[in-house]
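Colleague:
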Amino acid sequence: MYWKFALKRVINAVIIYIILIFIFSALFNVQMEQTVYAQIDEAIKMETMQLTDMKPDEIQKWAEQRKEFYYKRYNLDKSVFERVVLRAFNALTFKYGNSSIIRSSGGSRDVRTIVLETIPRTLLLFMTAMVIDILLGFWLGIKKAQKPGKGLDKSTSIATMVVYGMPSWWLGMLMIMAFAYMFKVFPSGGFLSTPPPPAGTIARFWDVIHHLLLPVITLVSIGFWGRAFLTRNIVLSTLQEDYIMSARARGIPERKVLYGHALRSAAPPIVTMGLLALLVSFGGNIIFEGIFSWPGMGNLYWISVQQNDIPVLMGNLSLTTGLYITGLAVLDLVYGFLDPRIKVGGKA
Amino acid sequence: MKLAEMKDSFKEFWSEFKKEKTGVIGLILFGIFLFIVIFEPFLLPFEDANTRWRDISYWEDWPKSAPPAWTNWFTSDKKSVTGTLTEYSEISQDMGAMVMKEFVFEYDYQYDDAPNDIIIHGDASGQPIVVVNILRPDGEEIETFQSAYNAGERTKDIRISIDNSSRDIIYNFAKDFESQENLRNVKPGLIKTTNGIFSKAQEGILRYPEPLKGNYQIKITAILRDENDNMDTPYIIMPGKVSGVLGTDSQKRDIWTGVLAGVKWALLIGILTAVFSVTIGVIYGVISAYLGGWKDALMQRVFEVFVSVPLLPVLIVLSAVFEPSIWMMVMLMAMFFWTGSVKTVRSMAMQIKEETFIEASKALGASNFRIIFKHMVPILIPYSFSSMALFIPRAVVYEASISLLGLGDSQIVTWGQILSDALNSGAVLNGLWWWVVPPGLAIAFMGMAFAFIGFSMDKILHPKLRTR
Amino acid sequence: MEKTKMKDNRNVLEVENLKLYYNVSDGQVKAVDDVTFFLRKGETLGLVGESGCGKTTTATALMHLPTPPGYIAGGKIILDGEDIVPLKETEIRKRIRWEKISMVFQGAMNCLTPVYTIGKLMTETLQEHRAISQGEKTSGFSKSRKTPRKMNKEEARKIMVKYLDYVGLSEDILRRYPHELSGGMKQRVVIAMALFLEPKVIVCDEPTTALDVVVQAQIINLLKELKEKLDLAFIFITHDLATVAEVSDRVQIMYAGRIMEIGTNQQIYGKQGPMHPYTRRLLEATPRLHEEVEELAFIPGTPPDLLRPPQGCKFHDRCDVAMEKCKTEEPDLIEVEEDHYVACWRCRK
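Chains as they are written, first to last, in our numbering: chain C, 105 to 452; chain B, 2 to 469; chain X, 4 to 352.
1) Can you list the residues of chain C that residue 100 of chain X reaches, using a CB-CB cut of under 7 angstroms?
2) Within 10 Å of its beta-carbon, does residue 528 of chain B have 16 or more other beta-carbons around it, so buried, or fewer, so exposed?
3) Assuming residue 271 of chain C and residue 401 of chain B are in contact, meaning their beta carbons sit under 8 angstroms apart, how far apart are those beta carbons, in whole angstroms?
4) Quick one: using the 10 Å Cβ neighbour count with 16 as the cut-off for buried, is residue 278 of chain B buried or exposed?
5) Of the residues C:123, C:375, C:385, C:283, which one's Cα is nearest the Cα of residue 442 of chain C?
6) Evaluate residue 5 of chain B with the Cβ neighbour count: other Cβ atoms within 10 Å of its Cβ, from every protein chain shown; 16 or more gives buried, anything less gives exposed.
7) Does DSSP put residue 252 of chain X in a helix, a strand or coil?
8) Excluding the five sequence neighbours on either side, which residues of its own chain have a C-beta within less than 6 angstroms of the C-beta of residue 138 of chain X, listed in chain order?
9) In whole angstroms, what is the alpha-carbon distance linking residue 328 of chain C and residue 244 of chain C?
10) Return the residue from the list B:86, B:443, B:26 that minimises the CA-CA distance to residue 238 of chain B.
11) Taking the beta carbon of residue 463 of chain B as the centre, do at least 16 other beta carbons fall within 10 Å, making it buried, or is it exposed?
12) Anything in chain B within Cβ reach of residue 229 of chain C, meaning under 9 angstroms, just list it in chain order.
13) Whole angstroms is fine: what's the gap from residue 262 of chain X's alpha carbon to residue 256 of chain X's?
14) For chain C, find out if any of its Cβ atoms is closer than 8 angstroms to the Cβ of residue 452 of chain B; answer yes or no.
15) Could you give the DSSP three-state label for residue 215 of chain X: helix, strand or coil?
16) What are the boundary residues of the beta strand (DSSP E) that includes residue 110 of chain B?
17) The alpha helix (DSSP H) with residue 163 of chain X in it runs from where to where?
18) Alpha carbon to alpha carbon, how far is residue 447 of chain B from residue 76 of chain X? Give it in angstroms, no decimals.
19) Identify which residue in B:397, B:392, B:394, B:380 has its Cα closest to the Cα of residue 10 of chain B.
20) Return the residue from the list B:268, B:112, B:422 that minimises the CA-CA distance to residue 34 of chain B.
21) Measure the alpha-carbon distance for residue 241 of chain C versus residue 284 of chain B and round it to whole angstroms.
22) Relative to the alpha-carbon of residue 21 of chain X, which residue among X:30, X:45, X:86, X:208 has its alpha-carbon at the smallest distance?
23) Return the residue from the list X:201, X:226, X:200, X:269 that minimises the CA-CA distance to residue 209 of chain X.
24) Would you tell me roughly how many angstroms separate the C-alpha atoms of residue 219 of chain C and residue 178 of chain C, rounded to the nearest one?
25) When the Cα atoms are used, what is the spatial distance from residue 2 of chain X to residue 373 of chain C?
26) Which whole runs of the beta strand (DSSP E) in the stretch 258–326 of chain X are 3 residues long or more, in chain order?
27) Output the distance between the C-alpha atoms of residue 164 of chain B and residue 214 of chain B, rounded to the nearest integer angstrom.
28) Which value, in whole angstroms, describes the spacing of the CA atoms of residue 78 of chain B and residue 135 of chain B?
29) Hey, which unbroken runs of the alpha helix (DSSP H) at 4 residues or more fall wholly within the stretch 190–248 of chain C?
30) Leaving out the 5 sequence neighbours to the left and right, which residues in its chain are closer than 8 angstroms to residue 452 of chain B when beta-carbon positions are compared?
31) From B:386, B:30, B:234, B:460, pick the residue whose C-alpha is nearest to that of residue 276 of chain B; which is it?
32) Contact criterion: CB-CB distance below 8 angstroms. Does residue 271 of chain C meet it with respect to chain B?
33) Please tell me whether residue 229 of chain B and residue 204 of chain B are closer than 8 angstroms, where the distance is taken between their beta carbons.
34) Would you check if the stretch 101–114 of chain X and the stretch 336–347 of chain C touch, i.e. whether three or more CB-CB distances between them fall below 8 angstroms?
35) Specify the secondary structure class of residue 220 of chain B as computed by DSSP and reduced to three states.
36) Need the endpoints of the alpha helix (DSSP H) that residue 77 of chain X sits in, please.
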């Protein structure tokens with residue numbers, strides 16, 4: 105039963121991904137093609153430079169031919185509809201073309217290579233932050249739910265609201281000012297020192313940790329209040345369920361009631377909310393990376409906006425969307441796995 | 002729901018809300034923000050800031066990257082505060098062939114660190130000759146400036162920067178007091194003019210200046226040789242080492258002004274986005290729940306597509322490609338934010354749908370439209386308000402994030418844009434905290450205000466989470 | 004009521020002047036106000052009243068489990084000869100709850116932890132108490148550290164199967180999750196759980212309300228059957244006088260946190276009929292199958308707001324025979340004949 109549910113969810117995700125890629129392709133078609141035209145012009149110019157023994161009108165003619173050749177090659181001679189479909193198809197098969205300026209660390213101009221090498225770093229940053237965030241939030245949330253309305257609960261709830269509308273990247277700016285400018289405890293940004301310690305050494309590992317610390321502290325110190333508040337609310341409403349009262353009446357010790365009956369029941373929503381928060385923070389905090397020059401997907405947005413590198417922007421968007429949708433699907437699958445009610449019903 | 006009923010339920014809600022301290026604080030904060038928006042013309046130190054925020058010439062008289070004036074409270078070295086002198090005594094002397102107009106300004110200098118410049122403004126016409134003399138407390142008088150202007154027939158603003166125009170004169174004035182050794186170490190072209198003016202006339206005046214406190218007289222003399230020549234309404238700006246409520250940025254703009262001017266945009270963006278998206282979300286959710294069947298299923302699929310969009314990245318790309326105005330931005334955000342309330346609304350509407358009064362109205366032949374908008378949507382109004390309150394901070398942060406990337410609407414001043422400028426000018430790494438902290442704090446405060454309101458409403462609407 | 008009359012060695016439960024109050028921001032709600040009653044061994048006491056009259060609150064007080072912000076403000080609950088009110092929470096949890104008094108909660112649907120299998124739920128309860136009853140409970144937390152005395156799974160399974168059999172369920176239910184069972188099955192599981200530690204008193208709080216009619220009848224029959232087979236003492240809470248007539252030996256009527264009348268089935272349902280005007284009105288409002296009724300009576304007005312209860316008898320403003328005295332003075336519960344107690348000025352001679 106679970107497999108049926110899982111399969112359905114995965115197919116659903118794939119369909120949504122395809123739809124979104126089509127929408128993007130249609131929406132940004134003009135901009136994407138402008139870049140292609142510019143790239144073709146540039147390529148032809150480069151080629152004509154090498155033609156030394158030709159008369160001007162011959163060059164002109166030759167350039168026309170080359171243009172035609174390239175237009176055909178990049179499907180620019182087809183109808184708009186066909187072009188959009190072809191572009192969407194290319195995006196779905198991860199063929200994003202070449203960047204206009206940005207290069208990967210290996211010097212490649214292939215957009216896929218450029219974006220792909222940023223993904224692990226983004227995941228490293230946000231996963232680390234989220235794991236700490238969830239653990240801390242979980243712990244604090246349970247503490248809060250145990251004595252609702254008391255001092256700790258009230259003060260931390262207020263803290264939740266205080267940081268509610270605080271941009272993480274702004275806190276990041278303050279943290280850099282404090283801990284990289286005033287007290288030189290952490291580096292002001294980046295992923296590795298220059299020059300980086302050789303690959304595969306312990307020193308390199310520590311170097312990454314050292315760079316990771318400040319952004320992670322920033323993300324956690326803004327995020328975990330909300331997680332705690334959410335955990336508290338879920339646990340608190342679970343604690344008011346009849347089965348909790350029933351368990352207490354059966355003489356089950358409070359500790360088992362809380363950590364067993366209540367938390368086991370509240371776990372699926374808490375875990376889902378946690379993972380959802382990971383996704384949302386991934387989607388919403390993505391430019392946070394730019395503040396710390398953390399070379400992930402968010403930073404790539406920053407760079408590609410500044411360099412006006414449309415192909416990279418689009419490739420990045422497609423892959424971000426892909427990751428996001430995958431994340432949402434994983435979320436549902438995890439929820440279904442944790443909550444026995446879902447497995448059978450096949451529906452939330 | 003009848004109007005009286007709604008009034009009653011609102012009263013009931015308000016009596017509950019009053020008990021939530023945080024909610025009331027949120028409302029007060031909101032009130033303060035509204036106050037700022039309404040009285041903005043009276044509060045803004047620079048009235049044209051809204052239209053000329055990016056106009057360099059508008060700000061040229063002010064100090065660059067100066068900390069707030071109140072930082073003086075915490076230091077023993079008092080830095081000169083930016084100020085404007087507008088009071089003067091005027092003496093007019095008719096000397097036959099020409100008229101001499103003399104404007105004397107008094108400046109009580111009690112700081113340890115001289116201002117950056119003395120900037121003189123006045124309305125001039127014709128071809129007046131302007132001379133500026135400074136009479137120091139120690140009796141020394143320096144003729145710092147003399148120049149003939151060609152202002153033309155129409156009255157026009159003239160601007161004299163003593164720092165730029167009088168460097169040589171001050172060097173010559175000071176070198177009489179300075180020791181030879183110190184003079185060798187000082188480049189005449191690089192001295193700080195105002196240091197010479199506001200320091201004791203003794204050895205070290207150029208190299209290790211000591212402040213000369215007391216009353217300075219700045220005398221502006223206009224020599225008018227023709228009846229068309231005139232000079233009038235002069236005023237003097239002293240760009241200090243510290244400036245204003247929140248200091249200035251590297252482009253000499255007053256940050257307090259920017260933060261105040263940003264309030265209305267943040268409120269506007271937040272409230273409009275929230276109202277649009279919650280309205281769409283509530284109606285969508287109710288319709289979906291009410292129609293049921295395949296229509297519901299289809300609407301849920303559409304909803305899923307929208308939910309699967311990573312919002313900020315898409316907004317970034319849309320902004321980068323289409324460079325939208327602030328109104329467009331609000332629309333774009335509303336286009337994606339509405340999904341936030343659909344799930345809750347739909348499940349609530351599912352329950353309402355089963356209520357007998359809906360059945361009854363159906364049996365009485367009420368149209369779907371009527372049932373949805375007359376009977377179902379009103380019940381969801383309290384929920385709508387609480388989720389609107391919680392949407393506002395999100396919208397503000399999103400706009401700020403887009404602006405931080407430099408993709409904001411260039412016609413307006415938002416907090417995100419101020420922060421973007423700060424980031425791009427290296428304010429973070431140069432420690433210009435007065436540039437970085439206030440706009441972000443403003444965003445945080447606005448978020449806090451609405452979070453207080455929203456969470457309090459939520460608490461009242463979900464009695465399960467009540468602790469009382 | 005004279006206390007001495009209530010004291011009786013046939014009694015398994017004696018409740019004296021029990022008060023359960025809620026402190027809310029607007030004041031104090033006296034949900035259970037000075038309630039006195041008793042329960043004999045092997046009998047079923049029906050506890051009847053409109054919703055919100057304090058029936059369920061009384062039950063939670065008997066378990067010493069008031070829902071916050073409620074608290075027991077005074078009185079005694081003498082269970083099996085021991086007053087449980089002053090006992091410490093751990094003491095109550097270990098020795099009283101489920102050991103001596105168990106409860107079938109309102110709405111069995113929600114009484115079973117959804118993420119636990121039935122087997123796990125039952126085993127947990129058994130292990131908790133059996134380990135305690137042998138005085139060997141060292142650590143209930145880690146499963147690995149088994150005290151030799153602690154009931155093992157096989158022993159637990161035997162007991163579970165036995166009681167599941169009593170309620171007519173098969174063993175394979177143990178592997179199932181609550182949501183996989185029907186309402187009636189869940190209710191049977193809950194009843195089996197209430198029985199299997201063989202407590203002195205079982206409180207059934209509206210055990211049939213959420214079930215459909217056929218299943219309701221099955222559950223009622225099951226309870227009657229079990230009562231005879233196991234010689235149990237039941238407190239049967241319901242709003243339905245008709246159901247109570249079927250299962251109980253004595254009936255006790257509550258209104259606005261107070262007991263209005265206690266009497267045997269005969270006294271309440273017999274020819275003579277109840278004495279308290281409220282009980283009478285309540286009976287008139289109950290549909291009966293075998294009698295022809297032209298028009299079903301109802302009681303005008305609504306139960307009082309417990310935050311601002313009326314002076315005097317709490318029922319006086321809805322009572323058709325109220326006297327001046329009823330508006331100012333609250334009547335005590337007085338024994339008017341053998342086992343028949345009434346709180347009404349009209350019924351005083």
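For every residue, glycine included, the Cβ atom is placed at its ideal position computed from N, Cα and C.
Modeller: Here's the rundown:
1) For the purposes of this step, residue 100 of chain X is identified with residue 97 of the third sequence, where counting begins at 1. What residue 100 of chain X touches in chain C: 353, 354, 355.
2) Lying outside 2 to 469, the shown extent of chain B, residue 528 of chain B is not represented and no answer is given.
3) Along the first sequence, one-based indexing puts residue 271 of chain C at 167. Along the second sequence, one-based indexing puts residue 401 of chain B at 400. The Cβ separation is near 6 angstroms, so the contact holds.
4) Stepping through the second sequence from its first residue, residue 278 of chain B is reached at position 277. It counts as buried.
5) In the first sequence, counting from the first residue as 1, residue 442 of chain C sits at position 338. Ranking C:123, C:375, C:385, C:283 by Cα distance to residue 442 of chain C puts C:375 first.
6) The count along the second sequence starts at 1 and reaches residue 5 of chain B at position 4. The residue is exposed, with fewer than 16 neighbouring Cβ atoms inside 10 Å.
7) For the purposes of this step, residue 252 of chain X is taken as the residue at position 249 of the third sequence. Residue state for residue 252 of chain X is assigned as coil, using DSSP reduced to three classes.
8) Taking the third sequence and counting its residues from 1, one reaches residue 138 of chain X at position 135. Here the model assigns residue 138 of chain X a pLDDT of 44, short of 50, so the residue's position is not dependable, and the following value carries that caveat. Hits under 6 angstroms: none found.
9) For the purposes of this step, residue 328 of chain C is taken as the residue at position 224 of the first sequence. For the purposes of this step, residue 244 of chain C is taken as the residue at position 140 of the first sequence. Rounded to whole angstroms, residue 328 of chain C to residue 244 of chain C spans 9 angstroms at the Cα level.
10) Taking the first residue of the second sequence as 1, we reach residue 238 of chain B at position 237. Nearest of B:86, B:443, B:26 to residue 238 of chain B, Cα basis: B:86.
11) Mapped onto the second sequence, residue 463 of chain B falls at position 462. So residue 463 of chain B ends up on the exposed side.
12) For the purposes of this step, residue 229 of chain C is taken as residue 125 along the first sequence, with counting starting at 1. By Cβ distance, chain B contributes nothing, its closest Cβ being about 16 angstroms from residue 229 of chain C, past 9 angstroms.
13) As a first step, residue 262 of chain X is located in the third sequence; it is residue number 259 there, counting from the start. As a first step, residue 256 of chain X is located in the third sequence; it is residue number 253 there, counting from the start. If I take the Cα positions, the gap works out to 6 angstroms.
14) For this step, residue 452 of chain B is matched to residue 451 along the second sequence. With 8 angstroms as the cut-off, residue 452 of chain B counts as an interface residue toward chain C.
15) For the purposes of this step, residue 215 of chain X is taken as the residue at position 212 of the third sequence. In the structure shown, residue 215 of chain X sits in coil (DSSP, three-state: anything other than H, G, I, E or B).
16) Sequence index remark: in the second sequence, residue 110 of chain B carries index 109 (1-based). Looking at the DSSP string, the run of the beta strand (DSSP E) that includes residue 110 of chain B is 100–110.
17) Working through the third sequence from its first residue, we reach residue 163 of chain X at position 160. Segment 156–169, the alpha helix (DSSP H) holding residue 163 of chain X.
18) Taking the first residue of the third sequence as position 1, residue 76 of chain X is located at position 73. Taking the first residue of the second sequence as position 1, residue 447 of chain B is located at position 446. Looking at the two C-alpha atoms, the distance is approximately 46 angstroms.
19) By one-based count along the second sequence, residue 10 of chain B stands at place 9. Of the candidates B:397, B:392, B:394, B:380, the one whose C-alpha sits nearest the C-alpha of residue 10 of chain B is B:380.
20) The residue labelled residue 34 of chain B in the question sits at position 33 within the second sequence. The shortest C-alpha separation from residue 34 of chain B is found at B:268.
21) As a first step, residue 241 of chain C must be located in the first sequence, where it is residue number 137. As a first step, residue 284 of chain B must be located in the second sequence, where it is residue number 283. Those two C-alpha atoms are separated by around 34 angstroms.
22) For the purposes of this step, residue 21 of chain X is identified with residue 18 of the third sequence, where counting begins at 1. Shortest Cα-Cα distance from residue 21 of chain X to any of X:30, X:45, X:86, X:208 involves X:86.
23) For the purposes of this step, residue 209 of chain X is taken as residue 206 along the third sequence, with counting starting at 1. Closest by alpha carbon: X:226.
24) Numbered from its first residue, the first sequence carries residue 219 of chain C at position 115. Numbered from its first residue, the first sequence carries residue 178 of chain C at position 74. Computed Cα separation, rounded: 22 angstroms.
25) With chain X represented from 4 up to 352, any question about residue 2 of chain X goes unanswered, as that position is not in the structure.
26) 261–267
27) Translated into positions along the second sequence, residue 164 of chain B becomes position 163. Translated into positions along the second sequence, residue 214 of chain B becomes position 213. Rounded to whole angstroms, residue 164 of chain B to residue 214 of chain B spans 19 angstroms at the Cα level.
28) As a position in the second sequence, residue 78 of chain B is number 77, starting the count at 1. As a position in the second sequence, residue 135 of chain B is number 134, starting the count at 1. Rounded to whole angstroms, residue 78 of chain B to residue 135 of chain B spans 24 angstroms at the Cα level.
29) 215–220
30) Your numbering for residue 452 of chain B matches position 451 in the second sequence. Contacts found: 27, 390, 391, 394.
31) Position 275 of the second sequence, counted from the first residue, corresponds to residue 276 of chain B. That would be B:386, whose Cα lies nearest to the Cα of residue 276 of chain B.
32) Here residue 271 of chain C refers to the residue found at position 167 when the first sequence is read from its first residue. Interface criterion met: the Cβ of residue 271 of chain C is under 8 angstroms from a Cβ in chain B.
33) What you label residue 229 of chain B is simply residue 228 of the second sequence in a count that begins at 1. What you label residue 204 of chain B is simply residue 203 of the second sequence in a count that begins at 1. It is not a contact, given that the beta carbons lie outside the stated cut-off.
34) yes
35) Indexing the second sequence from 1 puts residue 220 of chain B at position 219. The answer is strand: DSSP assigns residue 220 of chain B an E or B state.
36) As a working mapping, residue 77 of chain X is identified with position 74 in the third sequence. Taken as a continuous stretch (DSSP letters only), residue 77 of chain X belongs to no alpha helix (DSSP H), being part of the beta strand (DSSP E) at 73–82.
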